[in-house]
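Going by the working numbering, the sequence shown opens with residue 1, and the numbers climb by one from there. Backbone N, C-alpha and C fix where the C-beta goes; we use that ideal spot for every residue, glycine too. If you're wondering where the values come from, they're calculated on a predicted model, not measured in any experiment.
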Amino acid sequence: MTLTEIIETFKTKLNPSKIMDSLERTASFYDESENGSLGSDSDESDSGGNESGVDLKSNPYSSLASGSVKSSEAARITRNEKEPLIKLTDVWKIYQMGEVEFAALKGIDLEIYEGEFLVVLGPSGSGKSTLMNLLGCLDIPSEGTVFLNSSDISELAESELARIRGQMIGFIFQSFNLIPTLSTEENVLLPLEFQEEDVQLARKKAAYLLDIVGLSDKRKNLPSQLSGGQRQRVAIARSLAVNPPIILADEPTGNLDSKTGDYILDFLDGLNKKEGKTIIIVTHDLDIVKHATRVVYIRDGEIEKIEIRTKNESEEIK
Ligand SMILES: Nc1ncnc2c1ncn2[C@@H]1O[C@H](COP(=O)(O)OP(=O)(O)OP(=O)(O)O)[C@@H](O)[C@H]1O
Ligand SMILES: [Mg+2]
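Written out as structure tokens, the structure reads:
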């Protein structure tokens with residue numbers, strides 16, 4: 001490698017627009033995959049003839065095997081447009097601490113539909129993360145009902161719930177929830193392992209996603225060897241691994257500088273607008289509201305109001 005090449009490589013590595021470029025590639029990333037798998041039958045599957053080797057220009061999500069992830073629950077959604085994807089009715093979450101009870105959520109009613117970009121906005125301690133855990137079916141309510149794709153989650157066996165959740169929801173947690181003993185690449189691979197993805201294909205997908213978030217050169221690093229923003233990007237890559245129809249994010253920009261945060265949000269915006277993915281973000285960051293199609297204001301465990309947003313104007317409905 002010549003000195004000029006080394007400098008060029010260095011420059012592109014440091015240039016945030018490189019990250020953006022790669023993030024933008026997700027558009028084709030999902031476009032291609034939808035053609036083959038989500039539509040109807042797999043009448044056309046081989047899009048490039050580049051079967052061997054990890055060529056990052058090729059999209060592993062366009063191959064046949066992504067159909068295994070898009071099957072059943074995820075595919076059902078497209079036929080169920082009028083049904084909410086997630087529905088909460090009179091949901092309470094009460095934490096017990098010894099003798100003391102604390103109601104973190106108090107009677108939440110909320111329906112979330114396919115294609116929404118929903119922002120749940122509220123101050124620290126208002127119940128956002130608690131709500132996210134319930135929306136993501138990671139926790140069960142103390143009272144009330146949570147429906148995921150019309151199924152009452154309390155009636156599903158844990159293994160069945162885990163399977164549906166794994167197919168339908170990509171999580172970006174406030175604290176990243178990366179496994180400290182696993183490398184960047186292994187963390188991204190994790191959800192694919194739960195889906196019993198073919199190992200070779202899973203590796204291609206992980207490599208592709210790490211390229212998309214600009215972390216190909218960090219794939220062997222442990223989380224402790226990454227910056228906060230890099231960890232967040234690993235969490236995002238991981239959330240996209242199974243190509244889920246719903247992305248649930250808890251303060252996705254909380255640990256990022258504003259520029260990187262904007263890239264991430266534009267990226268999620270692209271997934272919503274171009275791919276019709278349902279994005280749910282819980283945050284206290286008012287800036288995120290501009291991306292929303294609907295804003296749920298939460299305070300002290302209750303919904304204060306809900307706003308529907310159409311471009312620059314918003315209409316209060318509650
Ligand atoms: N396991 C728990 N046991 C007892 N109380 C809890 C527990 N988890 C959360 N809480 C309380 O429930 C309330 C809501 O917490 P939650 O984490 O949902 O807030 P949040 O809106 O996400 O805040 P932040 O913006 O700071 O992340 C807080 O008052 C918190 O102290
Ligand atoms: Mg929180």
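Counted as a single uninterrupted DSSP element, the alpha helix (DSSP H) harbouring residue 267 occupies residues 258 to 275.
In this structure, residue 129 has its CB closer than 7 Å to one or more heavy atoms of ligand 1. With a cut-off of 8 Å on Cβ pairs, the region 284 to 296 is in contact with the region 113 to 128, counting three or more such pairs.
Around the CB of residue 258, fewer than 16 other CB atoms lie within 10 Å, so the residue is classed as exposed.
The beta-carbon distance between residue 92 and residue 123, rounded to whole angstroms, is 20 Å. This is too long to meet the 8 Å contact definition.
For residue 256 against residue 234, the beta-carbon gap comes to about 13 Å, at or over 8 Å, which does not count as contact. Closer than 7 Å to some heavy atom of ligand 2: that describes the Cβ of residue 250. For residue 101, the uninterrupted beta strand (DSSP E) segment begins and ends at 100 to 112.
Remark: the C-beta of residue 200 is outside contact range of ligand 2, defined as less than 7 Å to any heavy atom.
Ligand 2 never approaches residue 230 closely enough for any of its heavy atoms to be under 7 Å from the residue's Cβ. Going by C-alpha positions, residue 282 is about 14 Å away from residue 170. Listed as beta-bridge partners of residue 97 by DSSP are 100. Residue 106 holds the alpha-carbon nearest to the alpha-carbon of residue 144 among 129, 185 and 106. Where residue 145 is concerned, the enclosing beta strand (DSSP E) starts and stops at 143 to 148. Between ligand 1 and residue 235, a heavy atom-to-CB distance of less than 7 Å is absent. The three-state secondary structure of residue 153, taken from DSSP, is helix. Residue 199 is classed as exposed because its beta carbon has fewer than 16 other beta carbons within 10 Å across all chains shown. Secondary structure note for residue 118: its beta strand (DSSP E) is the uninterrupted segment 117 to 121. Sorting 261, 137 and 226 by C-alpha distance to the C-alpha of residue 164 places 137 at the top. Per DSSP, the continuous alpha helix (DSSP H) segment holding residue 166 begins and ends at 158 to 168. 222 is the residue among 222, 154 and 149 whose C-alpha sits nearest the C-alpha of residue 179.
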